Structures are given as C-alpha cells and as structure tokens.
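Participant: I am attaching a structure below and will ask some questions about it afterwards.
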Amino acid sequence: MVNLGVLRATGDGVQMDRKKAMKLYRIASDRGNAAAQCGLGTMLREDRNFVEAFRCYKLAAEQTYTHAEHELGCCYFKGEGVEADFDEAKRCFARAATKGHELSKNTFRVLETHGPEKSRRILELALSYAR
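Note that numbering that gives the first Met the number 0 gives residue 93 to position 94 of the sequence shown, counting from 1, and the numbers run on in steps of one.
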C-alpha cells in the first residue's frame, strides 16, 4: 500500500493521482504503518491541513520513524497544526539527528547556536534559496 501510494503521489512509473495516493496512504496509515503516516502527513501539509498533518507525523514519530521526527520538529518550529514550541522542535530535531537525518543535524545546529528568533530568520532564508 505504501509503495503504491508513493508511486501515485510522485507519478513514478504510473499516472500521478493525489487522490488515489492519499487513499492508499490512509489505508496503510490506519493499519499503523509509520511510513504511510509520514507520507500522508506530507500530503496533508501540502494541502495546508496542518492539524491533521501534525497528527499523522506524531503517530509515525511515536514509532520512532526518523523522517516523521524531523517533520514533527518542523511543525513545532513553525506552529503548524500545533502551538509553536521552540524547545519541543529542538528535541524532535535532536532525536532525528542522532539517527543520522542530515537535515535535522543542520537544523538542530542552527537552533542550538542561534536561538529562536535568529534561527527562524536563518532557516526562512535557507528555504527561500532552496526553492
């Protein structure tokens, strides 16, 4: 289910179909699959359904799914689907970083070095260059 969801979401080898991808992710997510929960969270976040996306990332992170821990940190940092919480964001990024998640390592270093406000400006600037 998860792999089919990924293929439908990206259009890799099949016709891209977000609606089918979301359905496949939901089925696997309801069965407790952390990768599906994270994938569904990403699709919901793209649709700006931040509360539901946060819930999905949290479910996956509770199963120690590394990328979900990173995404949960982003939610806490930006206040998407949850009240912004700099300290909780740092904890999420630290958990993912200790497992080798490169973006979390870099993000944690910025947060640790610069604090909340300066970190926010640095990370927003970095994201604008990435686009």
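Every residue, glycine too, gets a C-beta built ideally from N, C-alpha and C.
Quick caveat: nothing in here was measured; it's all calculated off a predicted structure.
Below 8 Å on the Cβ atoms is my contact criterion, and I expect residue 107 with residue 96 to pass it. Report the Cβ-Cβ distance as a whole number of Å.
Facilitator: 5 Å
Participant: Excluding the 5 residues preceding and the 5 following residue 88 in the sequence, name in chain order all residues of the same chain whose CB lies nearer than 6 Å to its CB.
Facilitator: 72, 75 and 76
Participant: So which of 14, 15 and 37 has the shortest CA-CA distance to residue 25?
Facilitator: 37
Participant: Around the Cβ of residue 15, are there at least 16 other Cβ atoms within 10 angstroms (buried) or fewer (exposed)?
Facilitator: Residue 15 should be labelled exposed.
Participant: In chain order, what residues of the same chain lie with their CB nearer than 6 Å to the CB of residue 62, ignoring the 5 residues before and after it?
Facilitator: 33
Participant: Which residues in the same chain have their Cβ closer than 6 Å to the Cβ of residue 58, if we skip the five residues on either side of it in sequence?
Facilitator: 36
Participant: Could you tell me whether the Cβ atoms of residue 55 and residue 40 are closer together than 7 Å?
Facilitator: yes
Participant: In the structure shown, what three-state DSSP assignment does residue 47 receive?
Facilitator: coil
Participant: Output the boundary residues of the alpha helix (DSSP H) element that contains residue 75.
Facilitator: Residue 75 -> alpha helix (DSSP H) spans 65-77.
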